[in-house]
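Residue numbers (our numbering): 29 to 410. Ideal Cβ placement from N, Cα and C applies to all residues, glycine included. Since the model is a prediction, treat every value here as computed from it, not as a measurement. Step one of this worksheet: look at the structure below.
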C-alpha cells in the first residue's frame with residue numbers, strides 16, 4: 029500500500045495557510061506517495077479543491093483524511109480533540125509549537141501519535157531546505173515592513189518634487205535573524221534609511237552588507253552573552269542590556285519605523301522597547317512587533333491589534349507569513365517535502381526514519397505513547 033499523506037484545514041483563528049500547496053503535491057506523487065486533502069483546506073490560501081484534484085490529489089472530508097492517513101502535515105498544531113479517528117502510529121509533521129502548550133504533547137502521546145515539530149530542526153546545512161522557521165520568517169520580515177509602510181504617515185523613499193524635496197524615512201530593525209534581514213532588505217528596497225541591531229556582534233557585517241547601519245554597543249569583558257544552541261540568539265547579560273538600551277534609546281527617538289523580531293526559543297520574547305522609549309518617538313511613527321505572539325518585544329503591544337501610545341502606532345503582528353498565505357503555503361509544503369524526501373527509500377518506496385538520526389531525534393516530540401523529546405519529557409513525568 030502506498031504511503032498516504034493527509035492535509036487538514038487549519039482551524040486556528042486567523043490562520044490562512046495550508047500545509048500542502050497543489051504544486052508540492054506533484055513532488056510527493058513522483059515519490060509514489062498518495063495525497064488526500066480535506067475539502068476546502070486551501071481556500072483561504074487561494075487554492076480551491078479543483079487545483080488539488082488537477083494534481084491527482086484526493087479530496088475528502090476531514091474524518092476520512094484523518095482515519096486513512098499515515099502522515100498528517102500541519103502548519104499549526106491540530107487540537108487533539110479535532111483528530112477524532114486518528115490511528116495510533118500516525119505521524120503529524122509540521123509546525124507544532126511545542127513550547128506553547130505542553131499538555132497538548134501529553135494528549136498526542138496518549139493517542140499514540142508520533143508528533144514531529146519541524147521548528148526544532150537544528151540550524152545546520154543538512155536541514156536548511158527543511159527549515160520552516162526560516163521560510164516563514166522571511167515572509168514575515170517582508171510583510172512587517174510593508175505593513176508599517178501602509179500605516180506610516182509619510183512615504184519611505186526620498187522624493188524630489190516641484191514643491192521641494194521630501195527626505196527618506198528612517199527604519200530601525202531590532203533582531204537580525206532571518207526575519208530581520210528580510211526586513212532590512214525590504215526597507216532598503218522601498219527607499220528608507222535603514223539601521224539595525226542585534227545581541228550578536230557577529231551579524232554586524234550582515235547588516236552592513238545589506239546597506240544598513242549597524243547600531244551596536246561594544247561587548248566588554250565579563251558581559252557573558254549566553255548563546256543558545258542550534259544557531260539561535262541567546263540572552264544578553266544585564267550589564268550589556270543596560271548599555272545597549274542607552275544606545276538604542278537615543279537612536280530610536282529619530283526613527284519613523286521600528287521592526288522588532290527578537291525571540292528566544294522556549295522563553296518569553298525579550299523586552300526591547302519600553303514605554304519611555306516609545307514616548308521619545310515622533311508622533312505618527314510605527315512599530316511592528318513580530319514577537320507579539322510570544323509576549324512581545326514592545327511594552328504595551330497587543331497580539332493581533334494596532335494600539336496607539338504617545339502618538340505612535342504599535343502593531344502586534346499575529347502571523348506575518350499567514351497574511352501571505354499563497355507563498356507561505358508553497359514554501360511550507362516544500363520544507364515538509366524536503367524533510368520527508370530525505371528519509372524516503374526510493375527503491376522500496378517506504379519512509380525510513382531512524383530514531384537515532386540527528387534530525388529525527390531533534391524534531392520528534394512523542395512516540396509509542398510517550399513524550400520522548402528531552403526538553404519536554406518532564407511534562408509527562410509531572
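For residue 119, the enclosing beta strand (DSSP E) stretches over residues 119-122.
No Cβ-Cβ contact shorter than 8 Å links residue 34 with residue 134. Apart from sequence neighbours up to five positions away, the residues of its chain that approach residue 351 with a beta-carbon distance below 6 Å are 171, ordered along the chain. In this structure, the beta-carbon distance from residue 94 to residue 113 falls below 8 Å.
Shown here, residue 173 sits in a helix according to DSSP, grouped into three states. A buried status is given to residue 394, since no fewer than 16 other beta-carbon atoms sit within 10 Å of its beta-carbon. Judged by DSSP secondary structure, residue 91 falls within the alpha helix (DSSP H) whose first and last residues are 90-96. For residue 81, the three-state secondary structure derived from DSSP is helix. The beta carbon of residue 83 sits closer than 6 Å to those of 50, 53, 54, all from its chain and outside the five residues before and after it, given in chain order. Residue pairing of residue 337 in beta bridges, as defined by DSSP: 340. Between residue 280 and residue 286, the CB-CB gap stays under 8 Å.
Between residue 354 and residue 164, the CB-CB gap reaches or exceeds 8 Å. Bounds of the alpha helix (DSSP H) holding residue 303 are 303-307. Pairing residue 197 with residue 209 gives a Cβ-Cβ distance that is not under 8 Å. When 148, 70, 81 are compared, the shortest CA-CA separation from residue 293 is found for 148. Here the alpha carbon of residue 378 sits roughly 40 Å from the alpha carbon of residue 289. In the displayed model, residue 144 falls within a strand according to three-state DSSP.
According to the DSSP assignment, residue 193 belongs to the beta strand (DSSP E) that extends over 192-194. Secondary structure note for residue 58: it is in no beta strand (DSSP E), and the uninterrupted alpha helix (DSSP H) holding it is 50-59. Per DSSP, reduced to three states, the secondary structure at residue 214 is helical.
Residue 322 sits in a helix when the DSSP states are folded into three classes. As DSSP reads the structure, residue 282 sits in no beta bridge. The DSSP-derived three-state label of residue 317 is strand. Between the alpha carbons of residue 85 and residue 66 lies a gap of roughly 10 Å.
The C-alpha of residue 388 is placed about 14 Å away from the C-alpha of residue 399.
Sequence-distant Cβ neighbours of residue 316 in its own chain, meaning closer than 7 Å and more than five residues away, are 172, 175, 176, 287, 343, 345. Taking a cut-off of 8 Å on C-beta distances, the stretch 227-234 does not touch the stretch 303-321, as fewer than three cross pairs fall below it.
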